[in-house]
Structures are given as C-alpha cells and as structure tokens.
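Residue numbers (the working numbering): 1429 to 1708.
Note that beta-carbon positions come from the ideal geometry of N, C-alpha and C, so glycine has one too.
Worksheet: one structure, shown below.
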Ligand code: NAP
C-alpha cells in the first residue's frame, strides 16, 4: 500500500506556524498585506481567490481584493499595479490568472514589483530561481518541494519526470528539482512515446490538466507520484491527472486530489506573503 502524501495536514501545520510568525511580526509593528487583482468573473478563479482570502484571515495577514471589469484597458491595469507597487502598506501583490485575452499576462507580471511578486512570476524572480538566488518561488512547485522534505523523499540522483511545461508549474518545478540534484526530464504535448519516459521515473509529477491521463502502464513499481492536476468532471467531482484508484497500489507515495498539492500551494503563498515583509 502506498503512503498517501497528506498535503492538507502539512499545509495546516505550516499555516499554524505562520500564524505564530505573524503575531510576532505584528508585535513589532510589521503587518504583511496581500493585494489580489482579479479581472472578470471566472468562477474557478473566484473560488481560488476566496480560498486565499480565507487563508489570510486564518493566519492574520491583511487582505485586499481588487475586482476589475473584464474590459479594463492595459493602461488602467498598469496604473493599479503601479499604485500597489508604491503603496507602503501592501507587501505582496498577486494577479489571478487567467486574465482576458486582450491583456498580455507576461507584461502584467513584469509590471508587478519583483519585491512584491509573491507568486514568483516576474521575470526577475524567474531568473533568480534559475541561477539559485533566494527569491519568491512559484507556490505550487514550492509546495511540492515541502512535501518531499516532510516525507523525506530523496531527490538527489533520482530520475524525475515532470509532465507539463507551463511557466507557473512545470518550468519552475524543474529548477527546484535541479537545485536538489535530481535528474529531470520534462514532457509536453509534443513529446513522443511519453509512457516510455514516464516508466523510467523514480518520481513522476503530473501538471497537465487532463483527468486520468497517468495510467497504470505509465509508471514503474514503487514510483512516487505527485498529482498537480485539478479537473472538474461533468458530475461535479474534482479529480487530478492521475488514475488514482488504479495506480495507488503500484506506487510508494502518492498525493490525493483533493487534499494533496492544492492546499500546499495556498500555504506556500502565505509563506511568500510573510517573506515579502523583508523586502519593505
Ligand atoms: P497549462 O498552462 O495548461 O499547461 C499544461 C501543460 O501540459 C502544457 O505544457 C502542455 O503542453 C502539457 N500537456 C497538455 N496535454 C498534454 C499531453 N497530452 N501530453 C503531454 N503534455 C500535455 O496548465 P497549468 O497551469 O500548468 O496547470 C496544469 C494543471 O494543474 C491544471 O489541471 C491546473 O488546474 C492544475 N494546477 C493545480 C495547482 C494546484 O495548486 N494544485 C496549481 C496550478 C495548476 P504544451 O506546452 O505543449 O501545450
């Protein structure tokens, strides 16, 4: 039987530690504050923003939400970002993705001050991560690294395969794994014979966004499987990328969905917001 990597419990532990840290900061007159910008009314994004606001409230981090009309111009968005960059009370800024197609998300991430970029998406922070300078790291890969640490899953010299090369998960994940001396392969939609690659993985991380993509024949016995995917089925059920019921017994460790990577992402965002006070 596999060991279930319980991101929910670990995230609770992290959040409780952060709560104590915030109390100490507050007693010194330091108040971390997160500003979240959301453009339009994407239902999934609304849920994510609500969860982030709840986590801030639990830990004692100040939170302010900026709901913008979906037709907002780039200039108006950038004016808001500039104001938040210059606002001394705001220590962290997050732009909730996706944003409407007429806006360039990379330009928007670049506009957020690297010192307040708690998502780690500003090119300066992306670059710092890639050359090993301490910085804000994208919250999902950071959360996965904390799972490895908590469960003492060794990375050095291991064959790790990452499915998905997005800027928010796959690519920063690779940098985090390299920093721990793993041998990393990244696959994407143009990769050929994917199962030949995944079958060699000691550790498989899937961040694709396709339900039951990772099947029994794609993993080797005893592999560690991390499921980043969040997919809503027609019946409303939330599932990952991995065919959990079929492969669990073949793995040594596996994350569930929900209750695996998802809660860790939020806990790491909270950690980044607290880290942001040091940049004031
Ligand atoms: P994304 O930007 O859509 O990227 C998906 C990646 O998967 C792309 O690199 C794509 O390849 C690759 N891909 C798609 N179909 C594939 C296939 N058949 N074979 C191999 N690779 C394939 O997605 P994302 O934002 O990284 O998110 C991925 C999933 O993780 C989603 O379900 C999302 O909801 C979830 N997520 C969860 C958390 C969390 O906290 N748990 C956080 C972020 C995201 P190309 O580059 O070639 O198109």
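At least three beta-carbon pairs within less than 8 angstroms, the region 1608 to 1617 to the region 1659 to 1671: no
Assigned exposure category for residue 1699 - 16 Cβ within 10 Å defines buried: buried
Buried or exposed (CB count within 10 angstroms, at least 16 for buried), residue 1439: buried
Euclidean distance between Cα positions of residue 1636 and residue 1573: 18 angstroms
Own chain residues within Cβ distance below 6 angstroms of residue 1549, not counting five before or after: 1537
Chain-ordered residues, beta carbon under 5 angstroms from a heavy atom of ligand 1: 1568, 1592, 1593, 1594, 1597, 1616, 1617, 1635, 1636, 1637, 1656, 1657, 1658, 1689, 1690, 1693
Exposure label - residue 1511; buried when at least 16 CB within 10 Å: exposed
Contact check, residue 1553 vs residue 1562, beta carbons under 8 angstroms: no
Alpha-carbon to alpha-carbon, residue 1619 and residue 1642: 14 angstroms
Buried versus exposed call for residue 1555 [16 or more other C-beta atoms within 10 Å across all chains shown]: exposed
Validate contact between the region 1577 to 1590 and the region 1621 to 1635 using beta carbons, cut 8 angstroms, 3 pairs: yes
Integer Cβ distance of residue 1650 from residue 1668, believed to fall under 8 angstroms: Not a contact, Cβ separation roughly 20 angstroms.
Alpha-carbon spacing of residue 1492 relative to residue 1672, whole angstroms: 37 angstroms
Unbroken beta strand (DSSP E) run spanning residue 1463, endpoints: 1461 to 1467
Alpha-carbon spacing of residue 1502 relative to residue 1566, whole angstroms: 24 angstroms
C-beta atoms of residue 1468 and residue 1498 nearer than 8 angstroms: yes
Contacts around residue 1701, its chain only, beta-carbon distance under 7 angstroms, and the 5 residues preceding and following it disregarded: 1460, 1462, 1489, 1519, 1520, 1546
Bounding residues of the beta strand (DSSP E) (the contiguous stretch that carries residue 1651): 1651 to 1655
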